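Read the structure below first, then the notes.
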Amino acid sequence: MHNRERCKRTTRPAPPTQRLHDSAIRPKNRQSRRDLAEVLKAALESLSDTVRMITAQLVTLVAALAATVSGWESSSLPPPPPLNQSFSISNTRRLSGLPEVDCMEDRVRLTFKTEKPFHGRIFVKGMSDKDTCTSNFITNSSPAVSFELRNGDCNMRRQRMLEPTRRGVEQSITVIISFHSVFITKVDRAYRCTCFYMEADKVVTSKMDVSQLPTTDLIDTARMPLCTYTVRRESINGAVVQFAQVGDPVFHVWQCDSDMFSMLVHSCFVDDSNGQDRKPFIDEHGCAIDPIIVPDLVYNKENNLAFAQVNVFKFADKVTTYFQCAVSTCMIAEGMCDGKTVSIPVDVDVTNSPIRELSKFG
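Letter by letter, the sequence shown follows residues 1 to 362 of the UniProt record's numbering.
Below, the structure is given as structure tokens:
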């Protein structure tokens with residue numbers, strides 16, 4: 001009996017106070033969740049308002065920037081200067097007049113002026129990477145600038161001119177005047193500088209008195225001999241040649257018809273009949289220039305006849321060949337012919353075929 005009462009006592013419900021305590025806990029947890037939801041909702045609404053405000057500010061800032069750029073494009077005010085002033089381009093930097101070229105003995109000088117002090121560089125076209133062909137004027141404070149190059153430097157072009165009215169040496173080079181230290185801009189200029197060094201042939205003469213009787217005096221005092229120049233076959237007395245073939249043996253004969261005078265044949269030329277090609281074969285002293293073509297002349301005892309045995313020659317692609325010689329005469333009796341000698345021959349090109357009879361008095 002006592003055991004039953006003891007079991008009943010252990011299984012009976014908890015006191016009312018304990019049940020009230022458990023039921024009070026559940027409503028409090030639900031209230032906490034509602035409060036947390038309200039806080040989160042308020043935070044989200046605040047964040048949304050902040051995002052809308054930032055977006056509005058960004059739109060306003062973009063509109064202001066667009067208006068500023070549009071104002072720069074439409075107004076005459078320049079945009080802000082570049083950060084690196086050494087790379088700036090100034091359209092006010094331009095040449096004042098044309099540059100001047102000074103052609104000196106061993107160099108070429110280019111001189112020019114600008115409206116403001118020149119702070120660019122000067123270089124030879126195609127040689128901007130060569131220090132010897134480039135000059136920088138970054139620290140220059142003067143508007144007057146000069147640039148020098150030695151003759152032949154920096155690929156300077158050299159050409160020899162052989163025209164009759166323009167004979168000499170021409171040197172030219174292209175120089176770039178750049179107002180920017182790195183880039184080529186629209187205000188830069190290129191100039192081709194040309195120097196012409198003219199050659200002139202000058203004859204230096206000296207007056208000399210000779211004891212020889214002048215030609216005019218001989219004409220006045222005696223009849224001058226008639227001198228002839230012929231080309232003959234087989235011998236000096238053979239038939240006069242008018243037509244011949246290359247290689248035929250012929251005799252060139254010079255003769256003066258007087259026993260009073262001695263002669264000297266000199267200054268002989270052969271030409272192609274058109275005046276385009278003229279070659280000497282006897283020099284001014286009477287010596288053969290090319291003995292293979294025409295050998296030294298042989299004179300007779302009286303010295304009034306001279307000849308040379310020659311194989312016929314001619315110019316390429318030419319049919320007719322003309323010969324011309326000068327003949328100087330002197331009186332034997334007066335001793336005016338003493339000391340006449342023939343100098344050593346000099347090698348020169350020569351050439352021929354048919355003939356022309358010429359005479360020369362002197």
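A virtual CB, placed ideally from N, CA and C, is assigned to each residue, including glycine.
Remember, it's a predicted structure, so these values are computed and weren't measured experimentally.
According to the neighbour-count rule (16 or more other Cβ atoms, all chains shown, within 10 Å of its Cβ), is residue 106 buried or exposed?
Counting from 1 along the sequence shown, the entry for residue 106 is found at position 106. Note on residue 106: under 16 other CB atoms within 10 angstroms of its CB, so exposed under the neighbour-count rule.
Can you tell which of 273, 297, 288 and 337 has the C-alpha that lies nearest to the C-alpha of residue 323?
Counting from 1 along the sequence shown, the entry for residue 323 is found at position 323. For the options 273, 297, 288 and 337, the alpha carbon positioned closest to that of residue 323 is the one of 273.
Is it true that the region 121 to 132 meets the region 165 to 182, where meeting means three or more beta-carbon pairs spaced less than 8 angstroms apart?
Enough Cβ pairs lie closer than 8 angstroms, so yes.
Three-state secondary structure assigned by DSSP to residue 94:
Taking the sequence shown and counting its residues from 1, one reaches residue 94 at position 94. Under the three-state reduction of DSSP, residue 94 is assigned to coil, being neither helix nor strand.
Work out the CA separation of residue 231 and residue 250 for me, nearest whole Å.
As a position in the sequence shown, residue 250 is number 250, starting the count at 1. As a position in the sequence shown, residue 231 is number 231, starting the count at 1. Near 7 angstroms, if we compare the C-alpha coordinates of residue 231 and residue 250.
Can you find the residues in the same chain that come closer than 8 angstroms, C-beta to C-beta, to residue 161, ignoring five residues on each side of it along the sequence?
Sequence index remark: in the sequence shown, residue 161 carries index 161 (1-based). Cβ within range, chain order: 167, 168, 169, 170 and 196.
Does the separation of the CB atoms of residue 329 and residue 243 fall below 9 angstroms?
As a first step, residue 329 is located in the sequence shown; it is residue number 329 there, counting from the start. As a first step, residue 243 is located in the sequence shown; it is residue number 243 there, counting from the start. Contact: no.
In whole angstroms, what is the alpha-carbon distance linking residue 263 and residue 164?
For this step, residue 263 is matched to residue 263 along the sequence shown. For this step, residue 164 is matched to residue 164 along the sequence shown. Cα to Cα, the separation comes out at about 37 angstroms.
Using 8 angstroms as the threshold, is the region 272 to 291 in touch with the region 304 to 321, meaning 3 or more CB pairs across them?
Three or more Cβ pairs closer than 8 angstroms define a contact, and the region 272 to 291 meets that threshold against the region 304 to 321.
Hey, quick one: how far does the beta strand (DSSP E) through residue 288 stretch, first residue to last?
In the sequence shown, counting from the first residue as 1, residue 288 sits at position 288. Looking at the DSSP string, residue 288 is not in any beta strand (DSSP E), and its letter there is neither H nor E.
Output yes or no for whether 9 angstroms exceeds the beta carbon distance between residue 372 and residue 288.
Limits of the chain in this structure are 1 at one end and 362 at the other, which puts residue 372 out of reach.
Run through the region 116 to 159 for me and flag every whole alpha helix (DSSP H) of 4 or more residues, listed as ranges in chain order.
Counting whole runs of 4 or more residues, the region 116 to 159 contains no alpha helix (DSSP H) stretch at all.
Can you list, in chain order, the residues of its chain with a C-beta nearer than 6 angstroms to that of residue 141? Leave out the 5 residues immediately preceding and following it.
Taking the sequence shown and counting its residues from 1, the one referred to as residue 141 is at position 141. Correct list, in chain order: 117.
Go ahead and pull the three-state DSSP assignment for residue 54.
As a first step, residue 54 must be located in the sequence shown, where it is residue number 54. Residue state, collapsed to three classes: helix.
Count the other C-beta atoms from every protein chain shown that fall within 10 angstroms of the C-beta of residue 304, then say buried if there are 16 or more, exposed otherwise.
Position 304 of the sequence shown, counted from the first residue, corresponds to residue 304. Classification for residue 304: buried.
In three-state terms, what does DSSP make of residue 102?
Position 102 of the sequence shown, counted from the first residue, corresponds to residue 102. Three-state result, residue 102: strand.
Apart from the five residues just before and just after residue 156, which ones in its own chain have a Cβ nearer than 6 angstroms to its Cβ?
As a working note, residue 156 is residue 156 in the sequence shown. In chain order, 171 and 173 place their CB closer than 6 angstroms to the CB of residue 156, counting only its own chain and leaving out the 5 sequence neighbours on each side.
With distances taken between CB atoms, is the gap from residue 133 to residue 153 smaller than 9 angstroms?
Numbered from 1 along the sequence shown, position 133 holds the residue referred to as residue 133. Numbered from 1 along the sequence shown, position 153 holds the residue referred to as residue 153. For residue 133 and residue 153, yes; Cβs fall inside 9 angstroms.
Can residue 295 and residue 310 be called in contact, C-beta distance under 9 angstroms?
As a first step, residue 295 must be located in the sequence shown, where it is residue number 295. As a first step, residue 310 must be located in the sequence shown, where it is residue number 310. Remark: C-beta atoms of residue 295 and residue 310 approach each other more closely than 9 angstroms.
Where do the N-terminal and C-terminal ends of the beta strand (DSSP E) with residue 302 fall, by residue?
Working through the sequence shown from its first residue, we reach residue 302 at position 302. Unbroken run through residue 302: none, as it is neither H nor E.
Taking residue 227 and residue 256 to be in contact with their CB atoms under 8 angstroms, please state how far apart those CB atoms are, rounded to whole angstroms.
The residue labelled residue 227 in the question sits at position 227 within the sequence shown. The residue labelled residue 256 in the question sits at position 256 within the sequence shown. Contact flag correct, Cβ pair sits at about 4 angstroms.
Given a cut-off of 9 angstroms on the beta-carbon distance, is the pair residue 266 and residue 325 in contact?
Locating residue 266 in the sequence shown gives position 266, counting from the first residue. Locating residue 325 in the sequence shown gives position 325, counting from the first residue. In contact: residue 266 and residue 325 (Cβ atoms closer than 9 angstroms).
Can you tell me whether residue 170 is helix, strand or coil according to DSSP?
Mapped onto the sequence shown, residue 170 falls at position 170. Residue 170 falls in the strand class under three-state DSSP.
Backbone CA spacing between residue 281 and residue 290 [nearest angstrom]
As a working mapping, residue 281 is identified with position 281 in the sequence shown. As a working mapping, residue 290 is identified with position 290 in the sequence shown. Cα to Cα, residue 281 sits roughly 6 angstroms from residue 290.
Should residue 286 be labelled buried (16 or more other beta-carbon atoms within 10 Å of its own) or exposed?
Here residue 286 refers to the residue found at position 286 of the sequence shown. It counts as buried.
Can you give the Cα-Cα distance for residue 188 and residue 278, rounded to whole angstroms?
Stepping through the sequence shown from its first residue, residue 188 is reached at position 188. Stepping through the sequence shown from its first residue, residue 278 is reached at position 278. If you take the alpha carbons of residue 188 and residue 278, they lie about 54 angstroms apart.
Residues bridged to residue 180 by DSSP?
In the sequence shown, counting from the first residue as 1, residue 180 sits at position 180. Per DSSP, none; premise fails for residue 180.
What's the gap between the Cα of residue 97 and the Cα of residue 137?
Reading the sequence shown from its first residue, position 97 is the one you call residue 97. Reading the sequence shown from its first residue, position 137 is the one you call residue 137. CA-to-CA, the gap between residue 97 and residue 137 works out to about 19 angstroms.
Which residue marks the beginning of the beta strand (DSSP E) containing residue 112, and which one marks its end?
Locating residue 112 in the sequence shown gives position 112, where the first residue counts as 1. Element bounds for residue 112: 107 to 113.
Using a Cβ-Cβ cutoff of less than 6 angstroms, which residues in the same chain neighbour residue 236 once the five nearest sequence positions on both sides are dropped?
Walking along the sequence shown from the start, residue 236 turns up at place 236. Excluding residues within five positions, the ones whose Cβ falls inside 6 angstroms are 251, 253 and 307.
What three-state label does DSSP hand residue 48 in the structure shown?
Indexing the sequence shown from 1 puts residue 48 at position 48. Reduced to three states, the DSSP call for residue 48 is helix.
Please state the DSSP three-state secondary structure of residue 294.
Taking the first residue of the sequence shown as 1, we reach residue 294 at position 294. Here DSSP, grouped into helix, strand and coil, assigns residue 294 to coil.
Using DSSP with H/G/I as helix, E/B as strand and the rest coil, what is residue 225?
Locating residue 225 in the sequence shown gives position 225, counting from the first residue. Residue 225 sits in coil when the DSSP states are folded into three classes, being neither helix nor strand.
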